[in-house]
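Residue numbers (my numbering): 13 to 331. Since the structure comes first, as structure tokens, the remarks are kept for the end.
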């Protein structure tokens, strides 16, 4: 029997962040789970893959220790890196400056953007932000009082379900043209197959993230299912963290100039999120229709794309 006093979320976090669990297999073993189920459980509770969470929190931990006066070499190996050079590259990508430099002081200190509010706090603890201010667990990332947060989380979660369902398809069925010449927008590629619809669902956030983060223009987006699943895990954390940060700063009226466009064009952050959610909702319904045509049945609790049903299932109202 399951111990009613167990805190499964805490057990999963302990497995992710334990000093000895440097690999996914080690994390899963310490949580008495398979790698597949462990990864899915952590991603569901936190919106972040276990490997990505460990890497981020360990970099926050490294930053904290560097600010306490520890040496770069000492921190690099203590953080699980095989070389100082590898640690320096990862640290520079995350914080925007090398570990030997203090960089610009941030109001968030040693914290990096997180989709779940979970951060390194001290050598003996974590800190979990309650960023919505309504007492809702940050690990869930949505609240009944915040429709934007609810819709963003629903979209990310629903895309993950659709990608998982597509793994049951033969390659020919996955790529088969079901709606010849069908396009949802004039400026994008076709939405004529399950492969193309899922590629849009995963990849359409990528150029917006690049524009807002000031990153390079994205490379070609894959349509292969394994690559899309990996990309969705990576993009989901960044997208959720971005939306939470915009909301925290009340920055919905801020603008970005998207130099990727020709000619460059400016967009409100509120416009960008509304744009992504609008077309994603349409494509998620379209993907369901195509999957039914291909003989794929979604899990009973996920057949209905209604966010009301999703949210009630998520908070346990129907359990």
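C-beta: ideal position from N, C-alpha, C; glycine also.
- One alpha carbon belongs to residue 123, the other to residue 200, and they sit about 36 Å apart.
- Distance from the CA atom of residue 315 to the CA atom of residue 300, rounded to whole angstroms, is 8 Å.
- Between residue 305 and residue 190, the C-beta gap is smaller than 7 Å, which places the two residues in contact.
- Cβ neighbours of residue 92 within its own chain (closer than 6 Å, five residues either side excluded): 34.
- CA-to-CA, the gap between residue 55 and residue 281 works out to about 26 Å.
- Annotation for residue 127: 59, 60, 249, 252 and 253 place their beta carbon closer than 6 Å to its own, counting only its chain and skipping 5 residues before and after.
- In this structure, residue 36 sits away from residue 23, with a CB-CB distance that is not shorter than 7 Å.
- With a beta-carbon spacing of about 6 Å, residue 203 and residue 212 fall inside the 8 Å limit used to define contacts.
- Residue 68 is classed as buried because its beta carbon has at least 16 other beta carbons within 10 Å across all chains shown.
- Contact between the region 238-247 and the region 210-225 is present: three or more C-beta pairs spanning the two stretches fall below 8 Å.
- Counting C-beta atoms within 10 angstroms of its own C-beta, residue 208 has 16 or more neighbours from the protein chains shown and is therefore classed as buried.
- For residue 246, the enclosing alpha helix (DSSP H) has its first and last residue at 237-260.
- Sixteen is the threshold: since fewer than 16 other Cβ atoms of the shown chains lie within 10 Å of the Cβ of residue 312, the residue is exposed.
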